[in-house]
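Student: One structure follows; several queries about it will come next.
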Amino acid sequence: NRQSVDVDFFNLCDPDHLVQGDPQRLVQVMINLLSNARDASPPGAPIRVRSEAQGQTVTLSVEDEGSGIPKAIVSRLFEPFFTTKDPGKGTGLGLALVYSIV
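Position one of the sequence shown corresponds to residue 1 (full-length UniProt numbering), numbered consecutively onward.
What follows is the structure, given as C-alpha cells:
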C-alpha cells in the first residue's frame, strides 16, 4: 500500500569504525532512520550514512536532502505516536523506538 520514492543510499562509514550492540536492535535503528530519510527525500536524492570516531565512541549519522524539521516540532520527535505523515502513512513509533534503543 505504500509508495516510496527512489533514492540513492551512500555508505560513507569508515570500515574501521566498529559499533557494539545487539545486532537486531541496531538493524531496527538503521531501518527506521533510513526509512524516515527516504520518506523525507525528493525522488533521486542521495541519503548518506557516515561514521565518526572520537576516542571509544562511534557516532553514526544519516543525512537526507528533505526540507528539514520545523523547530516547533523538534521537542516532540521522539514521542510515541507523534507523526507528521498523513493518516495511515506512519505510526509515529519509529523515532520513539530509535530513542529507546540508543
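The C-beta atom is built at its ideal place from N, Cα and C for all residues, glycine as well.
From a predicted model like this one, the values you see are computed outputs, not experimental measurements.
Using DSSP's beta-bridge definition, name the partner residues of residue 50.
Tutor: Reading the sequence shown from its first residue, position 50 is the one you call residue 50. Looking at the DSSP assignment, residue 50 forms a beta bridge with 12 and 61.
Student: When you compare only the Cα positions, how much space is there between residue 97 and residue 73?
Tutor: Your numbering for residue 97 matches position 97 in the sequence shown. Your numbering for residue 73 matches position 73 in the sequence shown. Spanning the two alpha carbons is a distance of roughly 18 Å.
Student: Are at least three pairs of beta-carbons, each pair with one atom in the stretch 86 to 93 and one in the stretch 42 to 56, less than 8 Å apart?
Tutor: When Cβ pairs closer than 8 Å are counted between the two stretches, the stretch 86 to 93 is seen not to touch the stretch 42 to 56, the count staying below three.
Student: Assign residue 21 to one of two classes, buried (16 or more other C-beta atoms within 10 Å of its C-beta) or exposed (fewer than that).
Tutor: Walking along the sequence shown from the start, residue 21 turns up at place 21. Residue 21 should be labelled exposed.
Student: Can residue 58 and residue 19 be called in contact, C-beta distance under 8 Å?
Tutor: The sequence position of residue 58 within the sequence shown is 58, counting from 1. The sequence position of residue 19 within the sequence shown is 19, counting from 1. Closer than 8 Å, so yes.
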